[in-house]
Amino acid sequence: MKYNKIMFLFLMLFLMTSLCGCVKVQEMTEEQSDLVAEYSAGVLLRYSYRYDRRLVTKDQLAKENQDENGAGNTITSEATVTPEITPTPQPAASGDTASGSGVDGQQTAEHPTVALNDVYHMEGLDFSYQSYQFCKKYSTQITAEKGQTLLVVEFNVKNRSGKKQKVNLGKRNISYQLTVDGSEYQPTISILSNMGLNFLNTTIPSGKSEKAVLIYRMSEERKQASEITLSVEDGDKVSIVKIKE
Numbered sequence: 001m002k003y004n005k006i007m008f009l010f011l012m013l014f015l016m017t018s019l020c021g022c023v024k025v026q027e028m029t030e031e032q033s034d035l036v037a038e039y040s041a042g043v044l045l046r047y048s049y050r051y052d053r054r055l056v057t058k059d060q061l062a063k064e065n066q067d068e069n070g071a072g073n074t075i076t077s078e079a080t081v082t083p084e085i086t087p088t089p090q091p092a093a094s095g096d097t098a099s100g101s102g103v104d105g106q107q108t109a110e111h112p113t114v115a116l117n118d119v120y121h122m123e124g125l126d127f128s129y130q131s132y133q134f135c136k137k138y139s140t141q142i143t144a145e146k147g148q149t150l151l152v153v154e155f156n157v158k159n160r161s162g163k164k165q166k167v168n169l170g171k172r173n174i175s176y177q178l179t180v181d182g183s184e185y186q187p188t189i190s191i192l193s194n195m196g197l198n199f200l201n202t203t204i205p206s207g208k209s210e211k212a213v214l215i216y217r218m219s220e221e222r223k224q225a226s227e228i229t230l231s232v233e234d235g236d237k238v239s240i241v242k243i244k245e
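FYI, the numbering for the sequence shown is 1 to 245, going by this note's numbering.
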C-alpha cells in the first residue's frame with residue numbers, strides 16, 4: 001500500500017537524520033530541514049486514522065488502493081454460506097406401514113391357502129387326503145432303519161373325466177413339507193409301481209381311482225407327536241392338510 005511505502009520512506013529519513021552523529025554527513029540547511037518537517041507533517045495528516053481532520057478520507061484512500069491494485073483485483077470478503085439443513089426422517093407411527101409390508105419393505109404376508117385340487121390344477125382329476133400310518137415297513141421295498149419309523153400319508157386320485165388320464169407329476173416341482181411338532185421333513189423317493197404321489201407316473205382309466213402315498217423317515221419317538229401338518233405347495237399356491245391335531 002502507498003501508506004506503508006511513505007511511512008517507510010519517512011522512517012528512513014528519520015534514521016538518517018538521527019545517525020548523523022555517527023556518520024559524517026553533510027548538514028542540511030535550515031530551509032531543507034523545514035521542507036523535511038513540512039513533508040513529514042503532511043504525510044501524518046494525510047494518512048493517520050487517529051487524526052479526525054486528516055487530509056484523505058477513508059473512502060478516498062480505498063479508492064486510491066483500488067486504482068493501484070486494478071479494478072478487478074480488489075479484495076472481497078467471502079460470502080457467508082448457510083449450511084443446507086437436511087430433514088431427518090421420522091420413524092413411521094404404528095399402523096403407517098404399507099399394507100402387506102414388513103421389515104425393509106419386503107412382503108411378509110403368507111400365500112393364501114387353496115384347495116388341494118387347485119395346487120395340481122389337472123382337469124378331470126380329483127386329489128384327496130385319506131389317512132396316515134406309522135410302520136417299520138411299507139410294501140416289500142421300503143423299510144425303516146433301526147430306531148426309525150416310516151410315516152406313510154395316503155391320498156386318493158380319482159379320474160372323474162370321461163376318458164383315461166395320463167398323470168406325470170415328476171415334471172412338476174411340487175413341494176410336500178411335513179411338519180411334526182415343529183420339525184420339518186421331506187418325502188423319500190418311493191420305489192413303487194406308480195412312484196408315489198411326489199413322482200406320480202401312471203394312467204388312470206375313466207371313473208377309476210388310484211392310491212398314491214408320501215413316505216417320510218423319522219425317529220420312532222415321533223409316533224407320539226401331537227400335531228402333524230402337510231404343506232403342499234406349487235409356486236404361489238399352497239394347500240394345508242391337517243394330518244393330526
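Glycine included, each C-beta is placed from N, C-alpha and C at the ideal position.
So, helix, strand or coil for residue i, using DSSP?
{"i": "Asp126", "result": "strand"}
{"i": "Asp234", "result": "strand"}
{"i": "Ala225", "result": "coil"}
{"i": "Glu145", "result": "coil"}
{"i": "Val119", "result": "helix"}
{"i": "Glu220", "result": "helix"}
{"i": "Asn198", "result": "helix"}
{"i": "Lys211", "result": "strand"}
{"i": "Lys158", "result": "strand"}
{"i": "Lys137", "result": "strand"}
Measure the Cβ-Cβ separation of residue i and residue j and say whether it is below 8 angstroms.
{"i": "Glu220", "j": "Ile174", "result": "no"}
{"i": "Lys136", "j": "Leu150", "result": "yes"}
{"i": "Ser239", "j": "Thr113", "result": "yes"}
{"i": "Leu214", "j": "Val157", "result": "no"}
{"i": "Glu227", "j": "Lys208", "result": "no"}
{"i": "Lys223", "j": "Phe155", "result": "no"}
Of all the options the options, which has the alpha carbon lying nearest to the alpha carbon of residue i?
{"i": "Thr203", "options": "Gln224, Thr140, Cys135 and Lys164", "result": "Lys164"}
{"i": "Lys166", "options": "Gln177, Glu245, Leu125 and Ser131", "result": "Leu125"}
{"i": "Met218", "options": "Lys244, Val180 and Ser131", "result": "Val180"}
{"i": "Arg172", "options": "Tyr120, Gln133 and Gln130", "result": "Tyr120"}
{"i": "Leu169", "options": "Pro112, Ile228, Ala212 and Ile243", "result": "Ala212"}
{"i": "Tyr129", "options": "Lys237, Tyr138, Gln186 and Leu230", "result": "Leu230"}
{"i": "Tyr138", "options": "Ile228, Lys208, Ala225 and Thr188", "result": "Thr188"}
{"i": "Asn159", "options": "Ser226, Pro205, Glu227 and Asp236", "result": "Pro205"}
{"i": "Met122", "options": "Met195, Gln186, Ser161 and Glu145", "result": "Ser161"}
{"i": "Ala225", "options": "Glu184, Glu210, Phe127 and Lys146", "result": "Glu184"}
{"i": "Tyr132", "options": "Glu145, Leu178 and Lys146", "result": "Leu178"}
{"i": "Phe127", "options": "Gly182, Glu210 and Tyr216", "result": "Glu210"}
Using 8 angstroms for Cβ pairs, my map puts residue i next to residue j. What's the rounded Cβ distance?
{"i": "Ile142", "j": "Ser190", "result": "7 angstroms"}
{"i": "Asn201", "j": "Tyr176", "result": "With 8 angstroms as the limit, Asn201 and Tyr176 do not qualify as a contact, their Cβ atoms being about 16 angstroms apart."}
{"i": "Asp118", "j": "Lys237", "result": "6 angstroms"}
Check for me: the beta strand (DSSP E) holding residue i runs from which residue to which?
{"i": "Val167", "result": "Gln165 to Asn168"}
{"i": "Leu192", "result": "Here Leu192 belongs to no beta strand (DSSP E), and DSSP marks it neither H nor E."}
{"i": "Thr179", "result": "Ser175 to Val180"}
{"i": "Ser183", "result": "Ser183 to Tyr185"}
Checking contacts by CB at 8 angstroms: is residue i closer than that to chain B?
{"i": "Tyr129", "result": "No chain B is present in this structure, which holds just one protein chain."}
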